[in-house]
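A quick write-up on the structure given underneath.
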Amino acid sequence: MSALFGDDLMARPRREIAPGAVHVPGWLSLEQQGWISARYREWVRGPVPLRGAKIRGHEMSVKTVCLGWHWQPYKYTREATDVNGQQVLPFPEWMVRLGRLAVSEAYGLDQATYTPDTALVNYYDAGARMGMHQDKDEVSLESVVSLSIGDACQFRFGNSEGRGRPYEDVILESGDLFVFGGPSRLAFHGVTKIFAETAPEGCGIESGRINITLRETGLGGSEDKGTE
Ligand code: SIN
Ligand code: MN
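Its first residue numbered 87, the sequence shown is counted upward by one per residue in the working numbering.
What follows is the structure in structure tokens.
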């Protein structure tokens, strides 16, 4: 019954969490999740490995590998100068299409101009967390597209003024889409909890959570530039 009539999706309707911040549960099919998980296993083979970025000397519990541009606190570079100096993998064309579909889905408009050029691919084990932060190392203020695969998490979505209240806790499950742009583009957000062993069969990973955020850096060209 639940597969036939989508009980799960009825219990988790799509919702605008704040102006410009839209949660679309179950946007990716299991087949799409499995396919992206297989790509993830290719990306982590390098040339740049998964690594926990260091924030003021502390290694993040979330491990990241990037496509297109390498993110390090607080800049984007073509080479992973804080890891092994290798150039990151190119940003795949299919991700531009996926990003456009995602933004169109969230805002109900044809978003033919959205052109993400970096993906931060994060891996969370059961103990990983991400503190409240803003995505503000991009020059462009185009929307951020977030895709989740694997274990569910508690995602905290707040306001643009600071890390504290008001915020809302949203459960992101495997296949969910979350887009934040417009007045929510600089809202603080973080991941407060991973629900271990909740990854659905067939999503392509057995444990842990993959999160992919697509962004427009606004950097263009090929030189390294930062916002520091
Ligand atoms: C991020 O804030 O960059 C990642 C958010 C998430 O893992 O859902
Ligand atoms: Mn973020």
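Just so it is clear, CB atoms sit at the ideal spot from N, CA and C, and this is done for glycine as well.
- In the DSSP assignment, residue 205 forms a beta bridge with 153, 300.
- Distances between the C-beta of residue 299 and the heavy atoms of the ligand MN include at least one below 7 Å.
- The alpha-carbon separation between residue 155 and residue 164 amounts to approximately 5 Å.
- With 16 or more other Cβ atoms inside 10 Å of its own Cβ, residue 181 counts as buried.
- Each of 267, 174, 275 was checked against the Cα of residue 220, and the nearest Cα belongs to 275.
- Cβ contact annotation for residue 218 (same chain, cutoff 7 Å, sequence separation greater than five): 242, 244, 249, 274, 275, 276, in chain order.
- Selection 146, 223, 103, 142 evaluated against residue 301 yields 223 as nearest (Cα-Cα).
- For residue 256, the enclosing beta strand (DSSP E) has its first and last residue at 254–258.
- Rounded to the nearest whole angstrom, the CA to CA distance from residue 293 to residue 236 is 7 Å.
- Within the DSSP secondary-structure output, residue 232 pairs in a beta bridge with 264, 299.
- Taking the Cβ atoms as the reference, residue 148 lies roughly 7 Å from residue 138, within the contact range of under 8 Å.
- Distances between the C-beta of residue 234 and the heavy atoms of the ligand SIN include at least one below 7 Å.
- For the ligand MN, a non-hydrogen atom lies closer than 7 Å to the CB of residue 219.
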